[in-house]
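Residue 1076, in my numbering, is where the sequence shown stops; the numbers in between run on with no holes.
Notes follow once the structure below has been shown.
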Amino acid sequence: MSKQAKIRVTVWNEFRHEKKNETVKKLYPKGMHAVIAAGLAKNKDMAVRTATLDEPEHGLTEAVLRQTDVLTWWGHTAHREVQDEIVRRVQKHVLEGMGLIVLHSGHFSKIFKTLMGTNCSLKWREEAEKERLWVVERSHPIAEGLGEHFELPHTEMYGERFDIPKPDELVFVSWFEGGEVFRSGCCWQRGHGRVFYFRPGHETYPIFFDKNVRKVLTNAVRWARPRMRLADACPNVKPLETLSPKGAAFGKAGVLQDSDGKAVRKGRRGR
Ligand code: ZN
C-alpha cells in the first residue's frame, strides 16, 4: 500500500430511526451515515462511501468489503435483521486486516458480539444528561488533538459494567452527570484487524456534528487502517531445513528411538 493511497472508509448505518422518529429525522434527514460520512470526507486522506441495512446484502458485498480499509458501524433497533452470512463476511475481513469502528448502540450488534465473544451488555438511562469524556491515554493516536477531556451536553448514559473482554488499550473513560462511569473508547486487535469501540452517538442528540467526536472518528479511522491484508490459511508445509531421518517406526506406541531411528528401549520406561 503506497503512502499516498487514500483510506477507503465505508460508513454503515441501520438507517431506521431516521425514517420513523421525527426528532431523529429532523437532526439527520439523510441519515446518520450521511453526517458521519460528510465529517470524514473533509479529510483529504479519506475516500468515503456509505452502506445501509436495507440495501441488498446490507450494502456489504464481498466486493465492497474488499475495497474497504475501515468500516464504521451504527445499529440499534434491527441488530437481529443483519444476516449471519454478512456478519461472517465482515468478521473474515476484520481478521484479514480491515479496521472496524463500532459506535454507541453497536455494542449489541452481531459483529461486535462475535468479535468480542462476550455479552457486551451495560447499564443505560436516557435523561439527556451531561457526559465528560476523559482522555486517559493522551499519547494514543486516537486522542491526537484532544485536550485532557471534552464534554457532550446531552447524552444517553451508558454505565459499567460493560461486559467486554479487557481492552488492549483504553483511550477514553466517561463520567456522567448521574454519577456513573464507562469505558467509552476501547481498542482491540482481532486477527490482523483493529477494532475500536466509541460510545457517543445516541440518535436523538446531534452527537455526530460535535467537533471533538468528529476528531475522534477521524483519528480512529487513521489508527484502524490496515497495515496488511492477509487471507487466512492453514497449510501443510515442507520443512525449510533438511530433517534428519527418523525411521519408519518413530512415534509408534511403545517404541523409543534415538536420533538415528534405532530403537533404544521397548515398552514402559524402566526404573
Ligand atoms: Zn442510544
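The beta-carbon is built from N, C-alpha and C at its ideal position, and this holds for glycine as well.
Note that the coordinates shown come from a computational prediction; the quantities given were computed from them, not determined experimentally.
Residue pairing from DSSP places Arg988 in a beta bridge opposite Val978.
Boundaries of the beta strand (DSSP E) harbouring Lys935: 928-940, taken from the DSSP string. DSSP places Val840 outside any beta strand (DSSP E); the residue lies instead in the alpha helix (DSSP H), whose first and last residues are 837-846. A Cβ-Cβ contact shorter than 8 Å links Leu876 with Val895. Scanning the segment 810-886 from its first residue to its last, the whole alpha helix (DSSP H) runs of 4-plus residues come out as 822-825, 827-832, 837-846, 867-871.
In this structure, Gly844 lies away from Ala856, with their beta-carbon atoms at least 8 Å apart. In terms of Cβ geometry, His997 and Glu862 do not form a close pair [threshold 8 Å]. Between the alpha carbons of Thr960 and Gly911 lies a gap of roughly 16 Å.
Per the coordinates, the alpha-carbon of Glu949 lies some 28 Å from the alpha-carbon of Ser914.
Taking a cut-off of 8 Å on C-beta distances, the segment 963-970 touches the segment 921-934, as three or more cross pairs fall below it. In this structure, DSSP gives Ile947 a helical state, which the three-state scheme calls helix. Here Arg995 is not near Gly904, since their CB atoms are 8 Å or more apart. Taking C-beta atoms as the reference points, Glu819 and Thr919 fail to come closer than 8 Å.
Boundaries of the alpha helix (DSSP H) around Glu890: 889-901. A contact between stretches requires three or more CB pairs, one per stretch, nearer than 8 Å, and the segment 829-839 meets this requirement with the segment 1004-1014.
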